[in-house]
Amino acid sequence: MSWFSLQSLRLKKFRYLGIFLFFSFLLLILPQRGKLFISETILQYTYSPFFKFSQKIKQLSNVYEENKKLQKENVRLILENLRLEEEGLENERLRALLDFKSQIDYNVIPGEVVALEPNRRSNSVLISVGKDDGVKKHLPVINMHGLVGKVVEVYPKNSLVELLSDPNCRVAALIKRSRVHGIVKQQKGTNLSLDNVPSGADVRQGDEIISSGLGGVFPQALRIGTVVKTEDSKTSIFKHIQVQPYADFNCLEELFVIEVTKSELNQ
Amino acid sequence: MFWNNISYLKIIRGALILFVVVIFLSFFSEPLRVANVKLDLPLFLVVYVGLTRGTKEGIGIGFLIGLLVDVLNPSFLGLNTLIKTILGYLAGNFKDNLFLEPIHFKGLVIFLALIFNDLIYYLIRSGFDLPATLGIIFFTSILSGIYTSGVGMLVFFINQRFKLRIAFENGASKPE
């Protein structure tokens with residue numbers, strides 16, 4: 006390459022450099038407004054779409070994190086709601102019990118069922134009150150619906166209650182309306198029967214059965230159940246009377262042990 | 193005259209490089225920092241284009257990349273444009289220079305380019321406060337230069353291997 010060509014090439018390079026340096030200096034000396042305008046225009050057509058995309062990704066990530074947090078909070082609130090519902094029901098029950106307690110004339114020791122059928126051979130429940138609370142053997146036990154059973158074992162902090170649905174449990178009872186006496190005992194499962202009622206006795210469906218006070222265990226006038234079916238037997242001199250107990254032996258929670266004295270039983 | 197000399201391929205190549213700079217500055221600038229040491233990919237690209245394509249393309253790409261970096265800090269619009277234009281020209285002068293055949297010399301050029309860039313940039317930004325500028329150079333620019341030149345050497349190495357492979361596939365004989 007000749008010297009002139011080389012010089013010409015160098016001049017071309019310097020011309021290129023000069024033009025771009027000139028524009029660079031122009032940008033440098035522009036006033037602030039002009040710089041901002043050019044920057045904003047270039048940003049709008051270059052970085053802006055990517056910044057928006059990046060912001061969307063960040064938003065999605067935030068949404069994901071918030072979603073996880075809200076799901077956790079949701080589970081916590083559901084559990085709390087269930088707990089509050091349960092407490093609300095318990096509150097209603099306890100109010101009713103308080104009402105019920107004020108209506109009965111006997112001294113009662115309130116307790117809760119803590120275990121069901123600890124001994125599989127009998128229908129019984131374990132309650133949360135015992136000797137330390139004043140519970141004694143053979144005391145009757147009721148709930149707000151009616152008679153439930155009697156105390157058969159007493160421990161310091163707990164007591165075993167034999168339910169009316171236990172085959173061994175007997176209650177001297179009478180029909181409230183006609184004053185016909187009989188014995189309430191377990192029939193089948195949790196059903197009860199009123200036995201020893203003569204065939205001609207005045208018994209009707211719907212009659213209320215209460216304790217008669219005879220027998221020396223249960224005081225009189227404790228609600229037991231209602232007559233659901235009555236029929237005369239062809240082979241026996243007694244009626245077959247089926248009794249629906251007021252207390253639901255499958256849903257026992259709060260129970261009351263009645264502190265009955267001998268004199269109260271003899272009344 | 194000026195526009196007639198620019199081929200479409202150069203425009204596409206230039207646009208691709210600018211696109212890479214925009215993507216890098218939008219998404220990868222922060223994640224690719226190592227212990228607060230940044231990777232100066234825009235500067236590396238200016239030096240790369242200058243070394244491989246010559247002064248004209250080096251100047252042009254230096255101007256444009258400098259402008260893209262400047263718009264993110266409008267107060268000093270034109271400063272990076274100026275510095276990178278000069279760097280593009282200087283790097284372009286070393287194109288086909290046998291002295292720069294080894295990759296580590298290319299790495300050295302990238303390192304020196306970064307030091308030069310940061311020196312001029314921070315000197316002007318700080319109002320010619322030399323001690324403050326030198327502090328920045330010693331504590332950040334040197335590490336950034338090492339990082340950027342390391343990445344740069346890797347790119348040159350891959351580029352060299354790729355070109356050799358294409359040459360052999362096209363019938364060139366392997367060096368003995």
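Chains as they are written, first to last, in the numbering used here: chain W, 6 to 272; chain S, 193 to 368. Cβ atoms here follow ideal geometry from the backbone N, Cα and C, with glycine treated the same way. Every value quoted in this text rests on a predicted model; they were computed, and no experiment measured them.
C-alpha of W/Val118 to C-alpha of W/Leu152: approximately 15 Å in a straight line. Taking the beta carbon of W/Phe27 as reference, no residue of chain S falls within 9 Å; the closest one sits roughly 10 Å away. In the structure shown, S/Phe286 falls within a coil segment according to DSSP collapsed to helix, strand and coil. Against S/Phe219, the close residues of chain W are Phe55, Ser59, in the order they occur along the chain (beta-carbon pairs closer than 8 Å).
Residue environment: S/Gln352 is assigned as exposed (fewer than 16 neighbouring CB atoms within 10 Å of its CB, all protein chains considered). When the alpha-carbon of W/Tyr21 is set against those of S/Phe236, S/Thr247, S/Asp232, S/Leu231, the nearest one is in S/Thr247. In terms of CA proximity to W/Val265, W/Gln225 leads the group W/Gln225, W/Gln249, W/Glu92, W/Cys256. When S/Phe354, S/Lys355, S/Phe303, S/Thr332 are compared, the shortest CA-CA separation from S/Asn228 is found for S/Thr332. Interface annotation, W/Tyr52: in contact with chain S, CB-CB separation under 8 Å.
Distance from the CA atom of S/Leu279 to the CA atom of S/Val347, rounded to whole angstroms, is 19 Å. One finds Phe25, Phe28, Ser29 in chain W with Cβ atoms closer than 8 Å to the Cβ of S/Phe255, taken in chain order. Interface with chain W (8 Å Cβ-Cβ cutoff): S/Tyr240 is excluded. Taking a cut-off of 8 Å on C-beta distances, the stretch 182-199 of chain W does not touch the stretch 134-148 of chain W, as fewer than three cross pairs fall below it. The beta carbon of W/Asp207 sits closer than 7 Å to those of Ser183, Val185, all from its chain and outside the five residues before and after it, given in chain order. Three or more pairs of CB atoms, one per stretch, sit closer than 8 Å, so the stretch 303-313 of chain S contacts the stretch 334-342 of chain S. Straight across, the Cα-Cα distance linking S/Ile275 with W/Gln76 is about 54 Å.
Here the alpha carbons of W/Ile263 and W/Val157 stand approximately 14 Å from one another. Rounded to the nearest angstrom, the gap between the Cα atoms of S/Ile316 and S/Ile334 is 19 Å.
Residue pairing for W/Gly116: DSSP places it in a beta bridge opposite W/Leu260. C-alpha of W/Ala120 to C-alpha of W/Gln191: approximately 21 Å in a straight line. For W/Lys155, the uninterrupted beta strand (DSSP E) segment begins and ends at 152-159. At the C-beta level, W/Ser29 and S/Thr277 come within 8 Å of one another. Contact of W/Lys63 with chain S is not assigned, every C-beta pair being separated by 8 Å or more. Linking W/Phe223 to W/Ser241 through their CA atoms gives a straight-line distance of about 28 Å. In this model, S/Phe349 and W/Gln37 are separated by some 43 Å (Cα to Cα). Straight-line spacing of the CA atoms in S/Phe320 and W/Ser13 works out to 37 Å. In this structure, DSSP gives S/Asp262 a helical state, which the three-state scheme calls helix. The shortest CA-to-CA distance from S/Leu311 to any of S/Leu326, S/Phe220, S/Leu259, S/Pro223 is the one to S/Leu326.
Residues of chain W with a Cβ closer than 8 Å to the Cβ of S/Thr247 are, in chain order, Lys18, Tyr21, Leu22. Within the stretch 269-289 of chain S, the residues whose Cβ lies closer than 7 Å to any Cβ of chain W are, in chain order, Leu269, Gly270, Leu271, Thr273, Leu274, Thr277, Tyr281.
Each residue's CA atom was taken as its position, placing S/Tyr240 and S/Phe297 some 13 Å apart. Straight-line measurement puts the Cα of W/Leu169 at about 7 Å from the Cα of W/Arg175.
A residue is called buried once 16 or more other Cβ atoms fall within 10 Å of its Cβ, and S/Leu235 is buried on that count. Put simply, of W/Thr231, W/His245, W/Val146 the residue whose alpha carbon is nearest the alpha carbon of W/Leu260 is W/Val146. Within chain W, no residue has its CB atom less than 7 Å from the CB of S/Val261, the nearest being about 11 Å off. For W/Ser7, the nearest beta carbon of chain S is not closer than 8 Å to its own beta carbon.
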